[in-house]
Amino acid sequence: MFVQPQPGEIRLCERLSPVMMSAMTSLLLVLSVIVTGLYAGFMLTFLIAIMPGLAELTDEQFTAAMRRFNEKVPGPLFLVLFLGVVALPAAALLTGLGEHDEVAGPAIVGALVCAVAGHLITIAGNIPLNNALAQSEGGDDSAARKAFEPRWNTLHQVRTALALVACVLLAVAL
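All residue numbers for the sequence shown refer to the UniProt record's numbering, where the first residue is 1 and numbers rise by one.
Structure, rendered in structure tokens:
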């Protein structure tokens, strides 16, 4: 997993011994896998269970349920997962600069690319759709659903796949 530092090599945290840095990087990678796995599982649950279940509801029931989900999901625990899938691998990458072997380093970078891409999809695609659905409350539920559901599901499929790939890449980096 790690390449031994070369004599005279500059390390990110000079005050910590190589053993401590290696242990810190390993801990950050383990936490990265756990948090990314939880996040990917959350996304997958929506993909394989929640959205198919909601698809069977009437327009009024569907839009009401999605509005409630969108109010409840962005809580503190979700924020820990949402931020953690980027922050933890980034920290693992930085603490292990010069230590990662030819597999771990690129795998962590790949996981970060997937996580950031998924977040961009969420911020640029899913959140605006959620906001539009919230603003349509009291209006035509059929039109609101048609404007929301197909696009939201497509974007969600992509970000779920990205989260799963990120998790696998982080596991490979271990």
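Ideal placement from N, C-alpha and C gives every residue a C-beta, glycine not left out. Every value quoted in this text rests on a predicted model; they were computed, and no experiment measured them.
Do the CB positions of residue i and residue j come within less than 8 Å of each other?
i, j, result
"Asn131", "Trp152", "no"
"Leu164", "Ala40", "yes"
"Leu31", "Leu93", "no"
"Thr25", "Glu99", "yes"
Give me the Cβ distance between residue i and residue j, rounded to the nearest whole Å; I'm assuming they're in contact under 8 Å.
i, j, result
"Ala111", "Ala23", "About 20 Å separates the two Cβ atoms, so there is no contact after all."
"Leu144", "Ser136", "Leu is not the amino acid found at residue 144; the sequence shown has Ala there. Contact holds; Cβ gap of about 4 Å."
"Val86", "Ala55", "Not a contact, Cβ separation roughly 31 Å."
"Val33", "Leu174", "7 Å"
Spatial neighbours of residue i within its chain, please: CB distance less than 8 Å, with the 5 preceding and 5 following residues excluded, ordered by chain position.
i, result
"His156", "Met43, Phe46, Leu47, Met51, Asn126"
"Val80", "Val35"
"Val113", "none"
Figure out for me which residue from the options has the closest Cα to the Cα of residue i.
i, options, result
"Ile108", "Leu169, Val35, Val30", "Leu169"
"Gly37", "Pro76, Phe82, Ala49, Lys72", "Phe82"
"Leu77", "Val35, Thr160, Ala173", "Val35"
"Val172", "Phe148, Val103, Gly138, Gly118", "Val103"
"Arg159", "Ala147, Gly138, Gly118, Gly139", "Gly118"
"Ala64", "Leu162, Phe148, Ala161", "Phe148"
"Leu162", "Ser142, Lys146, Pro74, Thr122", "Thr122"
"Phe62", "Thr154, Ser142, Leu174", "Ser142"
Going by beta carbon distance, what residues of the same chain come within less than 7 Å of residue i, once the five residues before and after it are set aside?
i, result
"Ala134", "Arg67, Asn70"
"Pro84", "For the sequence presented, residue 84 should be read as Gly rather than Pro. Same-chain partners within the cutoff: Val35."
"Leu57", "Ala65"
Using a Cβ-Cβ cut-off of 6 Å (strictly less than) and excluding sequence neighbours within five positions of residue i, which residues of its own chain qualify?
i, result
"Gly139", "none"
"Ala91", "Leu28"
"Gly96", "Thr25"
"Glu60", "Asp141"
"Lys72", "none"
Would you list, in sequence order, the uninterrupted beta strand (DSSP E) runs of no fewer than 3 residues that lie entirely inside the stretch 50-80? none
Runs of alpha helix (DSSP H) wholly within the stretch 137-173 (minimum 4 residues, chain order): 141-173
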